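Student:
Protein chains: 2
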Amino acid sequence: MSPWKAAHPGDAFEDIDTPALVLDLDAFERNLARMTQALAGSKMRLRPHAKSHKCPDIALRQIQQGAIGICCQKVSEAARFVEAGVKDVLITNQIVGARKVAHAMDLAARATIGVLVDHPSQVAQFDHASQERKTTIDVYIEVDVGMGRCGVSSVQEVTDLAQQITAAPYLRFMGLQCYHGSAQHYREPEQRQAAIRQASDIAVTMRHALEKLGIKVERITGAGTGSVALERDSGVFNEVQSGSYVFMDADYAKNHQGPQDVQFEHALFVKTGVMSRPTADRAVVDAGLKASSVDSGLPVVWKKPGVHYTKASDEHGVLQTEQANDPALGDFVLLIPGHCDPTVNLYDELICYRAGKVEAVWPITARGAAL
Amino acid sequence: MSPWKAAHPGDAFEDIDTPALVLDLDAFERNLARMTQALAGSKMRLRPHAKSHKCPDIALRQIQQGAIGICCQKVSEAARFVEAGVKDVLITNQIVGARKVAHAMDLAARATIGVLVDHPSQVAQFDHASQERKTTIDVYIEVDVGMGRCGVSSVQEVTDLAQQITAAPYLRFMGLQCYHGSAQHYREPEQRQAAIRQASDIAVTMRHALEKLGIKVERITGAGTGSVALERDSGVFNEVQSGSYVFMDADYAKNHQGPQDVQFEHALFVKTGVMSRPTADRAVVDAGLKASSVDSGLPVVWKKPGVHYTKASDEHGVLQTEQANDPALGDFVLLIPGHCDPTVNLYDELICYRAGKVEAVWPITARGAAL
């Protein structure tokens with residue numbers, strides 16, 4: 050962590066030290082409102098994914114605007130949000146190992162906690178720990194609905210796991226995790242539609258099989274920012290987990306939008322300063338790999354035509370420029386991160402601004418909480 | 050930051066929670082010794098780059114083994130090392146803006162601090178601030194020796210800057226920064242040789258021009274882990290700045306080695322656990338983009354033939370496996386990070402182990418110190 054801060058509330062936007070992660074509060078609040086509006090009247094629960102922001106100040110605002118809780122990806126991440134007052138957290142991951150299970154059960158004594166399973170031994174671990182503590186925890190079966198990562202694929206596996214869960218006295222079987230991660234980044238609306246149709250069909254098949262056994266499926270949960278309107282309109286899902294909509298990154302902006310898609314806008318930027326101006330067509334800024342994630346492509350320069358971010362090294366970013374003095378040495382530019390989630394995870398603080406002034410500095414409390 | 054620790058001193062290696070950044074102390078110490086030995090008798094000063102490890106415990110060990118100080122990339126990073134007792138830091142970057150200059154000058158009152166310049170206005174800033182405080186700071190001119198990032202290219206620029214620096218009462222002109230970053234990753238020894246020969250030729254041209262003006266060039270500094278023997282044998286450089294040699298990453302391991310190259314070994318790993326085992330040919334581990342940087346390629350599985358890391362998402366890593374139960378759910382594997390510097394920057398602690406036991410936990414004090 051830096052020994053000093055990039056900015057304090059009340060500072061002028063132009064005085065924020067670089068590199069810094071900055072949030073346009075007006076755009077952020079419009080994104081929150083758009084999601085609320087997009088789900089209004091749909092009976093769809095919103096459980097936004099907090100892995101995108103890792104910031105309790107944002108989670109609490111999402112809940113204030115109607116979210117029923119949040120998702121997290123790791124137990125240690127969930128702990129940060131429970132500490133901050135979030136009462137309902139679904140950890141959208143398999144939790145393996147006695148230590149992690151114990152931490153999850155500690156949280157379950159303080160808040161509503163859900164976990165995913167895709168193997169009998171995960172259920173057995175939680176059965177054992179929950180009985181020992183006489184503490185209830187929610188359990189969801191992850192179904193592989195097309196992304197080929199975690200999750201079971203067959204009806205048999207789903208019904209076996211559900212029976213194992215319902216037989217466990219302190220495990221509450223809640224339903225199915227049916228998240229299609231790859232679909233979020235399919236560029237064409239038709240590709241996303243086809244993927245979520247397939248995911249919905251699989252979810253229905255699994256639900257029917259469970260209902261035939263008398264097992265109630267209370268929740269079918271999934272969806273990301275790229276597909277949220279499709280799950281909303283599916284008639285199958287009843288909870289959505291979008292995370293990136295609060296920020297929007299350069300990768301999501303590459304998705305071609307269909308008529309049904311919800312329009313979000315860029316709210317998160319890396320403010321970076323020009324530290325070297327060696328040639329007329331090259332400026333070097335102070336944001337490289339440790340300031341903006343490049344796994345989903347390089348960051349994109351915001352509202353500066355003719356200026357392109359072309360190369361990232363550890364702490365240098367190379368801009369190609371059309372003019373020798375724009376940006377000049379000491380100027381700053383804003384970058385739209387290629388991928389917001391791992392970019393946020395590089396910072397300890399989010400500098401929130403409005404109307405040219407820093408309004409708040411929010412700690413990114415769950416940064417680095419990977420356990 | 051996680052609310053709990055991955056391990057404590059005395060824990061068994063197998064009990065380190067995942068994902069965790071772990072250091073094989075025997076391999077690390079062999080790497081330190083190899084660098085000392087490689088430079089022995091060469092009159093070459095070693096000033097290792099601390100951007101690779103961001104860890105004062107490592108910097109102090111490097112200095113104990115003969116390093117004359119360290120390099121940093123950012124002022125805030127340098128501050129962390131000065132606080133920890135490092136007496137000599139070269140910030141291998143241009144420092145722009147009154148706030149950053151003030152911080153650098155604060156450090157210069159407590160330790161020997163060097164900075165790079167490649168523009169008259171950077172010199173002017175430091176001239177002004179150093180006079181105001183009557184505090185001396187070392188200044189190096191960065192020369193673009195072939196990597197096309199920062200640095201001046203012409204003799205005229207070098208001599209102009211050097212005259213400006215020598216005329217400033219509290220600026221001490223030290224010499225030339227001649228780092229060829231791209232050369233570190235050229236795969237063939239001949240390519241690296243050609244690049245460092247060119248860098249050396251440029252450095253000599255600049256030094257001669259300065260000497261003609263009666264300006265002494267005390268230091269010609271540069272080199273990374275991929276080229277260190279070349280700068281050592283150049284007859285031109287008198288200081289090397291290698292950083293990654295303490296750890297070695299998967300990208301450096303792709304360099305074909307020539308007879309003159311110094312052999313370092315992998316000492317840094319991400320320990321990751323299998324959390325899902327959905328198919329016979331797929332295991333999913335708990336280390337994704339937030340646990341291992343992918344900018345220079347995916348991490349490589351250590352000593353486990355037939356097991357390959359094939360895909361990273363935020364907190365998932367997909368392994369392709371030849372056997373259905375190896376690794377099994379709950380097992381761990383070690384990953385060699387694709388690029389050590391940005392991987393280290395994801396973690397708050399480095400778990401150091403030897404002979405199957407955790408020997409120490411070193412804080413990565415300068416993680417996220419990007420200002």
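The listed protein sequences correspond, in order, to chains A and B.
Residue numbering for the first sequence follows our numbering, starting at 50 and increasing by one per position.
Residue numbering for the second sequence follows our numbering, starting at 50 and increasing by one per position.
Positions of the beta carbon are idealized from the N, C-alpha and C atoms, including for glycine.
Because the structure is a prediction, the values reported are computed rather than measured.
By the three-class DSSP mapping on this structure, what secondary structure does LEU225(B) have?
Tutor: Here LEU225(B) carries a strand assignment [DSSP, helix/strand/coil].
Student: What are the partner residues of HIS357(B), as DSSP defines its beta bridges?
Tutor: Looking at the DSSP assignment, HIS357(B) forms a beta bridge with GLN369(B).
Student: From the beta carbon of ASN304(A), is the nearest beta carbon of chain B less than 9 Å away?
Tutor: no
Student: Which of the three DSSP states, helix, strand or coil, is assigned to ALA157(A)?
Tutor: Reduced to three states, the DSSP call for ALA157(A) is helix.
Student: If we define contact as Cβ-Cβ less than 9 Å, is TRP351(A) a contact residue for chain B?
Tutor: no
Student: Taking three-plus beta-carbon pairs below 8 Å as touching, is the segment 362-369 of chain A in contact with the segment 398-406 of chain A?
Tutor: no
Student: Tell me whether the beta-carbon of ILE107(B) lies closer than 9 Å to the beta-carbon of CYS120(B).
Tutor: no
Student: So, at 7 Å on beta carbons, what are the nonlocal neighbours of LEU338(B) in its own chain, with the 5 sequence-adjacent residues on each side left out?
Tutor: ALA361, SER362, ASP363
Student: I need the DSSP call for ALA252(B), collapsed to helix, strand or coil.
Tutor: helix
Student: Check the Cβ of MET324(B) against every Cβ in chain A and list those closer than 8 Å, keeping chain order.
Tutor: ASN142, GLN143, ILE144, VAL145, CYS199
Student: With DSSP collapsed to three states, give me the class of HIS57(A).
Tutor: coil
Student: Contact between the segment 295-307 of chain A and the segment 319-330 of chain A: three or more CB pairs below 8 Å?
Tutor: no
Student: Can you find a C-beta in chain B that's less than 9 Å from the C-beta of TRP53(A)?
Tutor: yes
Student: Which of the three DSSP states, helix, strand or coil, is assigned to MET84(B)?
Tutor: helix
Student: Is there a Cβ of chain B sitting closer than 9 Å to that of VAL172(A), yes or no?
Tutor: no
Student: Touch check for the segment 193-205 of chain B and the segment 109-126 of chain B: three-plus C-beta pairs under 8 Å?
Tutor: Between the segment 193-205 of chain B and the segment 109-126 of chain B there are fewer than three inter-stretch CB-CB distances shorter than 8 Å, so the stretches are not counted as touching.
Student: For GLU191(A), decide whether its Cβ has a neighbour in chain B, counting only Cβ atoms nearer than 9 Å.
Tutor: With a threshold of 9 Å between beta carbons, GLU191(A) makes contact with chain B.
Student: Round the Cβ separation of GLY387(A) and ALA272(A) to the nearest angstrom and send it over; I've been treating them as touching at under 8 Å.
Tutor: No, GLY387(A) and ALA272(A) are not in contact; Cβ-Cβ is about 22 Å, not under 8 Å.
Student: Beta-carbon of PRO238(B) versus every beta-carbon of chain A: anything under 9 Å?
Tutor: no
Student: Output yes or no for whether 9 Å exceeds the beta carbon distance between SER341(B) and MET84(B).
Tutor: When the beta-carbon positions are compared, SER341(B) and MET84(B) stay at least 9 Å from each other.
Student: Within a Cβ cutoff of 8 Å, which residues of the same chain sit near ASP344(B), ignoring the five residues on either side of it in sequence?
Tutor: GLY387, HIS388, PRO391
Student: When the Cα of ALA128(A) is compared with those of PRO105(A), MET50(A), HIS357(A), LEU156(A), which residue comes out closest?
Tutor: LEU156(A)
Student: Quick one: residues in its chain with C-beta nearer than 7 Å to the C-beta of GLN242(A), no 5 flanking neighbours on either side, listed in chain order?
Tutor: LEU279
Student: In the segment 242-272 of chain A, which residues sit with their C-beta less than 8 Å from some C-beta in chain B, listed in chain order?
Tutor: Hits within the stretch: zero.
Student: Is there at least one Cβ from chain A nearer than 9 Å to PRO68(B)'s Cβ?
Tutor: yes
Student: Kindly indicate if chain A contains any beta-carbon less than 9 Å away from that of TYR219(B).
Tutor: No - not a single Cβ of chain A is within 9 Å of the one on TYR219(B).
Student: Along the chain, where does the alpha helix (DSSP H) that runs through ILE186(B) open and close?
Tutor: First-last for ILE186(B): 186-191, but that is the beta strand (DSSP E), not the alpha helix (DSSP H).
Student: To the nearest angstrom, report how far apart SER179(B) and GLN171(B) are at their CA atoms.
Tutor: 12 Å
Student: Which residues in chain A sit within 7 Å of ASP298(B), going by Cβ to Cβ distance?
Tutor: Near ASP298(B) there are no residues of chain A at all, since even the closest Cβ is about 12 Å away, more than 7 Å.
Student: Here's the rule: buried if 16 or more other CB atoms are within 10 angstroms of the residue's CB, otherwise exposed. What is ARG331(B)?
Tutor: buried
Student: Among THR208(A), VAL393(A), GLY417(A), ILE269(A), which has the Cα closest to the Cα of MET93(A)?
Tutor: ILE269(A)
Student: Please name the residue in GLN114(B), GLY115(B), GLN122(B) whose C-alpha comes closest to that of PRO68(A).
Tutor: Taking PRO68(A) as reference, the option from GLN114(B), GLY115(B), GLN122(B) with the minimal CA-CA separation is GLN122(B).
Student: Would you identify the three-state DSSP class for ARG110(B), choosing helix, strand or coil?
Tutor: helix
Student: Tell me which residues of the segment 364-376 of chain B have at least one Cβ-Cβ distance to chain A shorter than 9 Å, keeping chain order.
Tutor: Residues passing the 9 Å Cβ filter: GLU364, HIS365, VAL367.
Student: Between which two residues does the beta strand (DSSP E) containing PRO412(A) stretch?
Tutor: Taken as a continuous stretch (DSSP letters only), the beta strand (DSSP E) holding PRO412(A) covers 406-412.
Student: Return no unless some Cβ of chain B is closer than 9 Å to the Cβ of PRO308(A).
Tutor: no
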